[in-house]
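*Asks:* The structure follows.
There are 2 protein chains.
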Amino acid sequence: MNAGRTARERARAQLTREITEIARRQLGTEGAGGLNLRAIARELGMVSSAIYRYYPSRDELLTALIIDAYTAVGEAVERADAARDPDDHAGRWRAVCHAVRDWALAHPHEYALIYGSPVPGYQAPADTVGPAVRDTVVYGRILASAYAAGVLTPPDGFPAPPPSFAGDADAVRELMPGLPDDLVARAIAAWTGLFGFLSFELFGQFANVIDDRATLFEHQVRTLGRLVGLPAS
Amino acid sequence: MNAGRTARERARAQLTREITEIARRQLGTEGAGGLNLRAIARELGMVSSAIYRYYPSRDELLTALIIDAYTAVGEAVERADAARDPDDHAGRWRAVCHAVRDWALAHPHEYALIYGSPVPGYQAPADTVGPAVRDTVVYGRILASAYAAGVLTPPDGFPAPPPSFAGDADAVRELMPGLPDDLVARAIAAWTGLFGFLSFELFGQFANVIDDRATLFEHQVRTLGRLVGLPAS
DNA sequence: ACCGAATCGAGAGCACTGCTCTTGACATGG
DNA sequence: CCATGTCAAGAGCAGTGCTCTCGATTCGGT
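Those sequence lines, one after another, are chains G and Y.
In this text, residue positions in the first sequence follow numbering that gives the first Met the number 0: the first is 0, and each later residue adds one.
In this text, residue positions in the second sequence follow numbering that gives the first Met the number 0: the first is 0, and each later residue adds one.
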């Protein structure tokens, strides 16, 4: 990000920010489908065609918002993790989970944008893969650190993954060095369990069934933490 | 559903079916956002306004498709469950999971419609709640049956749910009579873990990381089954 | 200080959407 | 056999994403 030397460059950067800002607000109230270039232009007192000087298409704008959303949840997770005692692995896991949930509840449409149905006709460009795994990187670091410290005590009674899982386990292990295949698989189960819960909660699957979702979430987080072997707490 | 006595009634039912059929195909190729009344009309050789005689609005059509999707996955789950030995509870659980996954992979857009981001501006009417829980009903029956048979042996080392969970547990227990709060919570964790995995798989979160998704899925299903206490198999 | 080049917003316009209203043709049932 | 209700068609409205052109402004090099 260059600071922008000339007046034009600064004005351009400013306007681009404003467009993204308004778009994010629109996203928050209307959802991804309600993203409306003309409404953004109206709010800016510009004509719709002028927007195209800054974002060549609606999809480009969407990509920017997707990257922003991934970055936001990634930063929230990083902050929550950093605020904890590094040796309190179970606490870090819970903090990460609650950070994701708090962010998701505060920004449901942005959560839907990145963890819900893909936008029809939209293909995520390569720029999104970096920000997309920021939260997962933190998660992997917690598990790797806990494993290295020797505090992972996964409950017995669960099946071992088949040998054919070894290849994918190697790929995932880059995020959580050292963990054996068994724990890598459990880590995936815990991670998908976290987002499965949140998707159910945010997308209305809990309606009329689960009232006290905060309580159940806290319990599920502890259960999933134990599944990967994190100490009870 | 009346068989339709008069010619007109039969023609009406037939056309309604055809519209839904074309809409479902459109949904399969374009996604929910690409649902296009005018294109449906074109394909039928009608003019767009005529569609409104059968579906008063686009949302109404969407509701029909949502109910269809819930019904389809519910029936797939019921078939898979019925094909198993009723006493093979672990096998029934696995069959249910694979039925959901097979259906989801075959109909990704319909999966997204019911388990992905809610359609913007669309509020699910009450008609959808019945079909929406058909799969969950089957799931609950399996667990209740296994618990009644005394074959549920949940692994130790997991926390107990807090007393404040009791209220919601009662609501969920209607689907799985007899299960103690602890197992109800685990059942929810397994169920959300199943759909969390599928959402990750279908919505692209596994891209470039997990290749052999079938293997990992099978393992996760067994892991989640064990979590609720179903016997290994 | 100037001037060609790059960039900007405005405006008109295209093809498309969901949806409404009216009109004339038709089948239905008393 | 005729009044009634239903039907498809057509025109039209307000809105969309996006393209193109046209003057005005600003920039960078001379």
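Even glycine gets a Cβ: it sits at the ideal position worked out from N, Cα and C.
Remember, predicted model here, so these are calculated numbers, not experimental data.
1. Is the number of C-beta pairs between the stretch 102-109 of chain G and the stretch 196-209 of chain G that are closer than 8 Å three or more?
2. DSSP three-state call for residue 1(Y): helix, strand or coil?
3. Any beta carbon from chain G within less than 8 Å of residue 177(Y)'s own beta carbon?
4. Taking its Cβ as the centre, do 16 or more other Cβ atoms sit within 10 Å of residue 118(Y), making it buried, or is it exposed?
5. Within 8 Å of any Cβ in chain Y, is that where the Cβ of residue 150(G) sits?
6. Around the C-beta of residue 13(Y), are 16 or more other C-beta atoms found within 10 angstroms, so that it is buried, or is it exposed?
7. Taking the C-alpha atoms as reference points, what is the distance between residue 18(Y) and residue 54(Y)?
8. Note down, in chain order, every chain Y residue with its Cβ under 7 Å from the Cβ of residue 231(G).
9. Quick one: which chain G residues come within Cβ less than 7 Å of residue 236(Y)?
10. Round the Cβ separation of residue 86(Y) and residue 148(Y) to the nearest angstrom and send it over; I've been treating them as touching at under 8 Å.
11. Is it the case that the stretch 159-173 of chain G contacts the stretch 167-179 of chain Y, given that we only count it when at least three CB pairs across the two stretches are under 8 Å?
12. Report whether the distance from the Cβ of residue 26(Y) to the nearest heavy atom of the ligand PLP is below 7 Å.
13. Give a yes or no on whether the C-beta atoms belonging to residue 113(G) and residue 69(G) are separated by under 8 Å.
14. Where does residue 51(Y) sit, in a helix, a strand or coil, going by DSSP?
15. Write down every uninterrupted run of the alpha helix (DSSP H) in the stretch 16-86 of chain G whose length is 4 residues or greater and which is fully enclosed by it, in chain order.
16. Any C-beta of chain Y sitting closer than 8 Å to the C-beta of residue 12(G)?
17. Taking CB distances under 8 Å as the criterion, tell me whether residue 60(Y) reaches chain G.
18. From residue 67(Y) to residue 15(Y), what does the alpha carbon distance come to, in whole angstroms?
19. Whose C-beta lies closer than 6 Å to the C-beta of residue 192(Y) among residues of the same chain, with five residues either side of it excluded?
20. Less than 8 Å between CB atoms is the rule here; does residue 208(G) satisfy it with respect to chain Y?
21. Rounded to a whole number of angstroms, what is the C-alpha to C-alpha distance between residue 83(Y) and residue 184(Y)?
22. By the three-class DSSP mapping on this structure, what secondary structure does residue 154(Y) have?
23. Can at least three beta-carbon pairs, one atom from the stretch 148-168 of chain G and one from the stretch 212-219 of chain Y, be found at a separation below 8 Å?
24. Please confirm whether residue 116(G) has its beta-carbon closer than 8 Å to some beta-carbon of chain Y.
25. Compare the beta carbon distance of residue 137(Y) and residue 80(Y) with 8 Å and say whether it is the shorter of the two.
26. How long is the line joining the alpha carbons of residue 306(G) and residue 155(G), rounded to whole angstroms?
27. How about residue 133(Y): is its C-beta nearer than 8 Å to some C-beta of chain G?
28. Can you name the start and end residues of the alpha helix (DSSP H) that residue 180(G) belongs to?
*Replies:* Concretely, from the data shown:
1. yes
2. Taking the second sequence and counting its residues from 1, one reaches residue 1(Y) at position 2. Low per-residue confidence applies at residue 1(Y): pLDDT is 42, beneath 50, and the placement is therefore not dependable enough to give any value.
3. In the second sequence, residue 177(Y) corresponds to position 178, counting from 1. Judged by the 8 Å Cβ criterion, residue 177(Y) is not in contact with chain G.
4. Residue 118(Y) sits at position 119 when you count from the first residue of the second sequence. The residue is buried, with at least 16 neighbouring Cβ atoms inside 10 Å.
5. For the purposes of this step, residue 150(G) is taken as the residue at position 151 of the first sequence. At least 8 Å separates the CB of residue 150(G) from every CB of chain Y.
6. Residue 13(Y) sits at position 14 when you count from the first residue of the second sequence. Under this definition residue 13(Y) is an exposed residue.
7. Numbered from its first residue, the second sequence carries residue 18(Y) at position 19. Numbered from its first residue, the second sequence carries residue 54(Y) at position 55. Approximately 9 Å between the Cα atoms of the pair.
8. On the first sequence, residue 231(G) is found 232 positions in, with the first residue counted as 1. Those are 158, listed as they occur along chain Y.
9. Here chain Y has residues from 0 to 232 only, and residue 236(Y) is not among them.
10. By 1-based counting over the second sequence, the position of residue 86(Y) is 87. By 1-based counting over the second sequence, the position of residue 148(Y) is 149. That belief holds up - the Cβ atoms of residue 86(Y) and residue 148(Y) are roughly 7 Å apart, short of 8 Å.
11. no
12. This structure does not include the ligand PLP; it has no bound ligands of any sort.
13. Looking up residue 113(G) in the first sequence gives position 114. Looking up residue 69(G) in the first sequence gives position 70. Yes, these two residues count as a Cβ contact at 8 Å.
14. Position 52 of the second sequence, counted from the start, is the residue given in the question as residue 51(Y). Three-state result, residue 51(Y): coil.
15. 36-43, 47-50 and 57-81
16. Along the first sequence, one-based indexing puts residue 12(G) at 13. So, not an interface residue.
17. For the purposes of this step, residue 60(Y) is identified with residue 61 of the second sequence, where counting begins at 1. No, residue 60(Y) does not count as interfacial toward chain G.
18. As a working note, residue 67(Y) is residue 68 in the second sequence. As a working note, residue 15(Y) is residue 16 in the second sequence. About 14 Å.
19. Indexing the second sequence from 1 puts residue 192(Y) at position 193. Excluding sequence neighbours, residue 192(Y) sits near 223.
20. Position 209 of the first sequence, counted from the first residue, corresponds to residue 208(G). Taking Cβ atoms only, chain Y reaches closer than 8 Å to residue 208(G), which makes this a yes.
21. Taking the first residue of the second sequence as position 1, residue 83(Y) is located at position 84. Taking the first residue of the second sequence as position 1, residue 184(Y) is located at position 185. When rounded, the distance between both Cα atoms is 25 Å.
22. Translated into the one-based positions of the second sequence, residue 154(Y) becomes position 155. In this structure, residue 154(Y) counts as coil in the three-state DSSP scheme.
23. yes
24. Locating residue 116(G) in the first sequence gives position 117, where the first residue counts as 1. With 8 Å as the cut-off, residue 116(G) counts as an interface residue toward chain Y.
25. Indexing the second sequence from 1 puts residue 137(Y) at position 138. Indexing the second sequence from 1 puts residue 80(Y) at position 81. Yes; because the gap between Cβ atoms is below 8 Å, this pair is in contact.
26. There is simply no residue 306(G) to check, as chain G begins at 0 and stops at 232 in what is shown.
27. Working through the second sequence from its first residue, we reach residue 133(Y) at position 134. By this cut-off, residue 133(Y) is not an interface position.
28. Sequence index remark: in the first sequence, residue 180(G) carries index 181 (1-based). Start and end: 180-201.
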